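To keep things clear, I will list the structure first and then write my remarks on it.
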Amino acid sequence: MRSTSRTRRRTVAIAATLMVGGLVWGAGPTAFADVSAGLPAEVSPADQAALLGDTNAIRQKEGAPPISWDEGLASGSQSWADNPGSHAGGLKHDLGFNDGAENMSSAGPSQSVSQWAGEKAAYDAAGPNWNTDDPSYRYWGHYWNMVQKNYTRMGCGAADGVTVCRYA
Numbered sequence: 020m021r022s023t024s025r026t027r028r029r030t031v032a033i034a035a036t037l038m039v040g041g042l043v044w045g046a047g048p049t050a051f052a053d054v055s056a057g058l059p060a061e062v063s064p065a066d067q068a069a070l071l072g073d074t075n076a077i078r079q080k081e082g083a084p085p086i087s088w089d090e091g092l093a094s095g096s097q098s099w100a101d102n103p104g105s106h107a108g109g110l111k112h113d114l115g116f117n118d119g120a121e122n123m124s125s126a127g128p129s130q131s132v133s134q135w136a137g138e139k140a141a142y143d144a145a146g147p148n149w150n151t152d153d154p155s156y157r158y159w160g161h162y163w164n165m166v167q168k169n170y171t172r173m174g175c176g177a178a179d180g181v182t183v184c185r186y187a
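Take the sequence shown: its position 21, counting from 1, is numbered 40 in the numbering used here, and each next residue is one higher.
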């Protein structure tokens, strides 16, 4: 009787484990948290205001004039953010965009500008004769794009796992 009770407990424990495992396994990929889950699927009006305001605050510190929001750039940025090719296996720039500069981030819109602003120290170290062909450009290029005095417009888009901002 004692071995029957022990066998029954083991059977119940194994069955419970298999049932729970089957529930998780049957749930597929949605059972596991995605790092980019919860990021916005597009740029909200509040995000737009923050992106523009934060960028202009940084530009002001560098002596650059304010930049304005451009719906055309925003639309192109959103289209690229929505394209799986923009972030499958890592972030990839739109090689078809040749009318200015493009910044990309895996952070959401509310964190992107501060992430790019974090490149200021490398930007300062590379100046005053910044060479965008230099390999070190990758460490300060996003900041450089944000503060270029010849850029007067910007627009951004976001999808799950990517934020794209374009400057012209």
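Every residue gets a Cβ at the ideal spot worked out from N, C-alpha and C, and that includes glycine.
Remember, it's a predicted structure, so these values are computed and weren't measured experimentally.
Open item on the list: Given this structure, state the Cα-to-Cα distance separating G104 from P64, to the nearest angstrom.
Closed with: As a first step, residue 104 is located in the sequence shown; it is residue number 85 there, counting from the start. As a first step, residue 64 is located in the sequence shown; it is residue number 45 there, counting from the start. G104 and P64: Cα-Cα distance of roughly 26 Å.
Task: Selected residue, minimal CA-CA separation from Q130, among A177, G109, M173, A141 - done: Translated into the one-based positions of the sequence shown, residue 130 becomes position 111. It is A177 whose Cα lies nearest to the Cα of Q130.
Task: Closest by C-alpha distance to Y162, when choosing among G109, N75, Q67 - done: The residue labelled residue 162 in the question sits at position 143 within the sequence shown. With distances taken between Cα atoms, Y162 lies closest to N75.
TODO: Can you have a look at R27 and say buried or exposed, based on whether 16 or more other CB atoms are within 10 angstroms of its CB?
DONE: Locating residue 27 in the sequence shown gives position 8, counting from the first residue. Caution is warranted here: a pLDDT of 42 is assigned to R27, below 50, making its placement in the model unreliable, and the coordinate value is therefore given only provisionally. Classification for R27: exposed.
Open item on the list: Output needed for A100: all residues of its chain with C-beta closer than 6 Å, excluding positions within five of it in sequence on either side, in chain order.
Closed with: Position 81 of the sequence shown, counting from 1, holds the residue named residue 100. Excluding residues within five positions, the ones whose Cβ falls inside 6 Å are G176, A177, A178, V181, V183.
Open item on the list: Closer than 7 Å to a non-hydrogen atom of the ligand MG - does that hold for the CB of V62?
Closed with: With respect to the ligand MG, the structure offers nothing, as it holds no ligand at all.
Open item on the list: Within the continuous beta strand (DSSP E) that includes G176, where are the two ends?
Closed with: Translated into the one-based positions of the sequence shown, residue 176 becomes position 157. G176 -> beta strand (DSSP E) spans 172-178.
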